[in-house]
Amino acid sequence: MERKLIIRNFGAITSAEIILKDFNIFIGEQGAGKLTVTTHSPYLLSTLNNMIEADNVSKLHPEKETEITTLVPKKSWGDFNRITAYKIENGNVISILDKEFNIVVADQIDATSDEQGWIFSALLDLE
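Count along the sequence shown from 1, add 1, and you get the number used in the working numbering.
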């Protein structure tokens, strides 16, 4: 059964219809699910991608399981189909899943990080 979270005019979100899975990631405001992580961390999303990719490779090449587990423990593999990831931008909720490659597009938050870094540098220059 598909579970949806429908949000209208709540905080920064003007309208959103979100399919909830077992593991949900929101960049920005928080939501609900079995496990929800809110983050601005490219490190966390890159780590999640490693977990997803380990599962992806194991499905394509089950004979490489030993090699895969030396890089990512089997208990940490993540099924892409059980994960959602979104960013909240200008009141809109946007999926950051790449369904062609079955990964989270972790660099989606780099622009925000770059802008915040620029603002911080500009503030330091004002000291």
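In this text, a Cβ means the ideal position worked out from N, Cα and C, and glycines have one as well.
Outcome for G92 when other beta-carbon atoms lying within 10 angstroms are tallied against a minimum of 16:
As a working mapping, residue 92 is identified with position 91 in the sequence shown. Counting Cβ neighbours within 10 Å, G92 comes out exposed, since fewer than 16 surround it.
Boundaries of the beta strand (DSSP E) in which A107 is found, first to last residue
As a first step, residue 107 must be located in the sequence shown, where it is residue number 106. It is not in any beta strand (DSSP E) - A107 carries neither H nor E in the DSSP assignment.
Which of the three DSSP states, helix, strand or coil, is assigned to E54?
Position 53 of the sequence shown, counting from 1, holds the residue named residue 54. Assigned with DSSP and collapsed to three states, E54 falls in helix.
Cut-off 8 Å between Cβ atoms - residues of its own chain near V105, not counting five sequence neighbours on either side:
Mapped onto the sequence shown, residue 105 falls at position 104. Excluding the 5 residues flanking it on each side, V105 has same chain C-beta neighbours closer than 8 Å at I26, L46, L49, N50, I53, I84, A86, I97, L98 and D99, in chain order.
Ends of the alpha helix (DSSP H) at E66?
Start at 1 with the first residue of the sequence shown, and residue 66 comes out as number 65. E66 to L72 is the span of the alpha helix (DSSP H), which, as asked, contains E66.
Can you tell me whether N57 is buried or exposed, with buried defined as 16 or more other CB within 10 angstroms of its CB?
The count along the sequence shown starts at 1 and reaches residue 57 at position 56. When all chains shown are included, N57 counts as buried.
Tell me where the beta strand (DSSP E) around E3 begins and ends.
Start at 1 with the first residue of the sequence shown, and residue 3 comes out as number 2. Per DSSP, E3 belongs to no beta strand (DSSP E) and is neither H nor E.
DSSP bridge partner residues for S77 (one or two, in chain order):
As a working mapping, residue 77 is identified with position 76 in the sequence shown. For S77, which the question treats as bridged, DSSP gives no partner whatsoever.
With 16 other Cβ atoms within 10 Å as the buried cut-off, status of I95
Position 94 of the sequence shown holds residue 95. Looking at its Cβ environment, which holds fewer than 16 other Cβ atoms inside 10 Å, I95 is exposed.
Pick from S77, A107 and T71 that is closest to K88, judged by C-alpha positions
On the sequence shown, residue 88 is found 87 positions in, with the first residue counted as 1. The option with the nearest alpha carbon to K88 is A107.
Own chain partners of V73 with C-beta closer than 7 Å, once the 5 adjacent residues on each side are dropped
As a first step, residue 73 is located in the sequence shown; it is residue number 72 there, counting from the start. N51, M52 and A55.
Would you check if the distance between the CB atom of L21 and the CB atom of R4 is smaller than 8 Å?
Mapped onto the sequence shown, residue 21 falls at position 20. Mapped onto the sequence shown, residue 4 falls at position 3. Going by C-beta atoms, L21 is nearer than 8 Å to R4.
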